[in-house]
Amino acid sequence: MNENFSFLHLILEASWVVQLVMLILVAASVASWAVIVHKVSTLRAARRDSDSFESEFWSGAAISEVYQNIGRKTERSAMERIFVNGMREFIKLHERQLDPDTQVDGARRAMRVSCQRELDHIDSRTSLLASVGSVAPYIGLFGTVWGIMHAFVGLAALEQVTLATVAPGIAEALVATAMGLFAAIPAVLAYNRFTRDIDRIAMQWENFADEFSNLLQRQIPHPAATAAAQAMVPVPVMTPVAPQQPAPTAWDATQYPAQSAHTAQAQPHPSATAPNPYEADQYRPRTAPQAAPAAPRSPFAPA
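Structure follows, in structure tokens:
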């Protein structure tokens, strides 16, 4: 065998099966690096656009004004599309004069569907990185096993086997394992990083959808809440006041109406304390004169 152990020479001297394995690993590595470069730019733009839209939305401008400004744009970011879809659904339900809770639920569902659609878009082709990271080492191992097997088959025809005769075949086989690791390691690292970034962006979008739904809920007057608020308004209570009667005089007996016998006995007439000097017997008790008790009759008295 040739004693040249350069990397290119090992590839060219390998068997056709090992060369096919190496070609597959090179294609997988190129595809994974293309996805990595694309995802880096896509996720960076998504984070930048989301932060910019949230700054504009929470700057204090009216919701209708923000909706009109975004409607004039030809290209919208992911969070802007989520907002527009939710606002459009809310306007449709509001024009139909549905229940306020139904309007907010419809807007929330529209934003949830739009959010899921945007997540599917930015999460596309990340599965390729997971596949390359998990399968590439085994493909390289297959090429290594095949190359070692091919090398030992070639050594069977030799009478004297030395390390110089064994080393080239084994080195050619190990190149496949090295290429498999070269394709798998960057793919696994990139997949873990992109998964974390996508989860953060998804959390940001979902939080915005919830906050926007709460904002719509607060701005819609709910009939039950309005009735409860009206019921809680304090009503002034009119307490009846007894009419005040003028102070009685000794010569005006008409100021005191007739009372019941019980009330007259419990509460004496005010003028009783000031009797009229001309009618001393006016307020004396009108009781019938009682007869004096009869003396006990003697049993010896004649009948």
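Counting in our numbering, the sequence shown runs from 498 upward without gaps. By construction, the Cβ of each residue, glycine as well, lies at the ideal position given by its N, Cα and C atoms. Keep in mind it's a predicted model, so treat the numbers as computed, not measured.
Helix, strand or coil: which one does DSSP assign to W702? Along the sequence shown, read from residue 1 onward, the residue named residue 702 stands at position 205. Residue state, collapsed to three classes: helix.
Alpha carbon of L626 to alpha carbon of E586, nearest angstrom: Numbered from its first residue, the sequence shown carries residue 626 at position 129. Numbered from its first residue, the sequence shown carries residue 586 at position 89. So the alpha carbons of these two residues sit roughly 37 Å apart.
Is W568 helix, strand or coil when you go by DSSP? Within the sequence shown, residue 568 is the residue found at index 71, counting from 1. Here the sequence assigns Gly to residue 568, which means Trp is not the residue at that position. Here G568 sits in helix by DSSP.
Note down the Cα distance separating A859 from I698, rounded to an integer number of angstroms. Because residue 859 is not part of the residues shown, which for the chain are 498 to 800, the question remains open.
Given G568, which residues of its chain have a CB within under 8 Å of its CB, disregarding the five upstream and five downstream residues? Counting from 1 along the sequence shown, the entry for residue 568 is found at position 71. Counting only Cβ-Cβ distances below 8 Å, and skipping sequence neighbours, we find V581.
Would you verify that the beta carbon of S556 is, or is not, closer than 8 Å to some beta carbon of chain C? In the structure shown, chain C cannot be found, because there is only a single protein chain.
Residue interval of the alpha helix (DSSP H) (run including W513): Indexing the sequence shown from 1 puts residue 513 at position 16. Segment W513 to F554, the alpha helix (DSSP H) holding W513.
By how many angstroms is the C-alpha of F679 removed from the C-alpha of V515? Within the sequence shown, the letter at position 18 stands for residue 515. Within the sequence shown, the letter at position 182 stands for residue 679. If I take the Cα positions, the gap works out to 16 Å.
Tell me whether the beta-carbon of L522 lies closer than 8 Å to the beta-carbon of I636. The residue you call residue 522 lines up with position 25 of the sequence shown. The residue you call residue 636 lines up with position 139 of the sequence shown. I636 sits close to L522, with the two beta carbons spaced by under 8 Å.
CB-CB length for A706 against M584, believed under 8 Å: Within the sequence shown, the letter at position 209 stands for residue 706. Within the sequence shown, the letter at position 87 stands for residue 584. That pair is no contact at about 11 Å.
How about the stretch 594-604 and the stretch 613-632: do they share at least three Cβ pairs that are nearer than 8 Å? No: fewer than three Cβ pairs fall under 8 Å.
Given a cut-off of 8 Å, decide if V527 and F639 are closer than it, judged by their beta-carbon atoms. Within the sequence shown, numbered from 1, the residue matching residue 639 stands at position 142. Within the sequence shown, numbered from 1, the residue matching residue 527 stands at position 30. Result no, Cβ atoms of F639 and V527 do not sit closer than 8 Å.
Alpha carbons only, please: which of R578, T571, P634 and Q657 is nearest the one belonging to A675? For the purposes of this step, residue 675 is taken as the residue at position 178 of the sequence shown. Ranking R578, T571, P634 and Q657 by Cα distance to A675 puts P634 first.
Measuring only the C-alpha atoms, how far is V672 from I508? Counted from its first residue, the sequence shown places residue 672 at position 175. Counted from its first residue, the sequence shown places residue 508 at position 11. Between the alpha carbons of V672 and I508 lies a gap of roughly 8 Å.
Nearest-angstrom beta carbon gap, S574 and D548 [assumed within contact, 8 Å]: By 1-based counting over the sequence shown, the position of residue 548 is 51. By 1-based counting over the sequence shown, the position of residue 574 is 77. That belief does not hold up - the Cβ atoms of D548 and S574 are roughly 10 Å apart, past 8 Å.
Through-space distance from N689 to S512, alpha-carbon basis: Mapped onto the sequence shown, residue 512 falls at position 15. Mapped onto the sequence shown, residue 689 falls at position 192. For S512 and N689, the distance between alpha carbons rounds to 35 Å.
Between V537 and R622, which are expected to be in contact by the criterion C-beta below 8 Å, what is the C-beta distance as a whole number of angstroms? Position 40 of the sequence shown, counted from the first residue, corresponds to residue 537. Position 125 of the sequence shown, counted from the first residue, corresponds to residue 622. Taking 8 Å as the upper bound for CB-CB distance, V537 and R622 are not in contact here, some 13 Å apart.
Between I579 and S611, how many whole angstroms is the CB-CB distance? I'm expecting something under 8 Å. Locating residue 579 in the sequence shown gives position 82, counting from the first residue. Locating residue 611 in the sequence shown gives position 114, counting from the first residue. The distance from the Cβ of I579 to that of S611 is about 5 Å, consistent with a contact at the 8 Å cut-off.
Within the stretch 594-674, note down every full alpha helix (DSSP H) run reaching 4 residues or more, in order along the chain. 597-619 and 623-652
I think S710 touches R541, with their Cβ atoms under 8 Å apart; what is that distance to the nearest whole Å? Reading the sequence shown from its first residue, position 213 is the one you call residue 710. Reading the sequence shown from its first residue, position 44 is the one you call residue 541. Between R541 and S710 the Cβ distance is about 28 Å, and since that is not below 8 Å, they are no contact.
N- and C-terminal bounds of the alpha helix (DSSP H) containing A575: By 1-based counting over the sequence shown, the position of residue 575 is 78. It spans A575 to E592 - the alpha helix (DSSP H) in which A575 sits, taken as one unbroken run.
DSSP state of S503, grouped into three classes? For this step, residue 503 is matched to residue 6 along the sequence shown. Here S503 sits in coil by DSSP.
Alpha carbon of L686 to alpha carbon of T539, nearest angstrom: On the sequence shown, residue 686 is found 189 positions in, with the first residue counted as 1. On the sequence shown, residue 539 is found 42 positions in, with the first residue counted as 1. In this structure, the alpha-carbon of L686 lies about 17 Å from that of T539.
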